[in-house]
Amino acid sequence: MLVLTRKIDESIVLGNNIEVKVLGIEEGKVKIGISAPKDIEIYRKEIYLEIQEENKTASGQKQNLDQLKDIFKK
Numbered sequence: 048m049l050v051l052t053r054k055i056d057e058s059i060v061l062g063n064n065i066e067v068k069v070l071g072i073e074e075g076k077v078k079i080g081i082s083a084p085k086d087i088e089i090y091r092k093e094i095y096l097e098i099q100e101e102n103k104t105a106s107g108q109k110q111n112l113d114q115l116k117d118i119f120k121k
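Following my numbering, the numbering of the sequence shown begins with 48 at its first residue and continues without gaps.
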């Protein structure tokens, strides 16, 4: 993991077209701004993990439906 130190109004650049800027630091929280193309999806990690879990659950439901379909074919 790369660890960087930034002050307010300083940025880091990811690739050629994503900029992460420190907007503020207050009460142990860091406020950041992200500039990226619209086709880049940006999520807070906890939301991303929820999406991944929902996708796993949904794909498992499709398997269950396929199994039910096989049962009714008999």
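For each residue, glycine too, the CB sits at the ideal point set by N, CA and C.
Beta-carbon separation (whole angstroms), residue i vs residue j, contact threshold 8 angstroms
i, j, result
"residue 69", "residue 77", "6 angstroms"
For residue i, the three-state DSSP class (helix, strand or coil)
i, result
"residue 73", "strand"
"residue 100", "helix"
"residue 89", "coil"
"residue 116", "helix"
"residue 79", "strand"
"residue 59", "strand"
Contacting residues, own chain, Cβ-Cβ under 7 angstroms from residue i (five flanking each side not counted)
i, result
"residue 87", "65"
"residue 71", "55, 78"
Euclidean distance between Cα positions of residue i and residue j
i, j, result
"residue 25", "residue 58", "This structure cannot speak to residue 25, because the chain is shown only from 48 to 121."
"residue 67", "residue 56", "10 angstroms"
"residue 120", "residue 85", "46 angstroms"
heavy atom of the ligand ATP below 6 angstroms from residue i C-beta
i, result
"residue 84", "Inclusion of the ligand ATP in the displayed structure is not the case, the ligand content being empty and no account of it being possible."
6 angstroms CB neighbourhood of residue i in its chain, flanking five on each side removed
i, result
"residue 82", "66"
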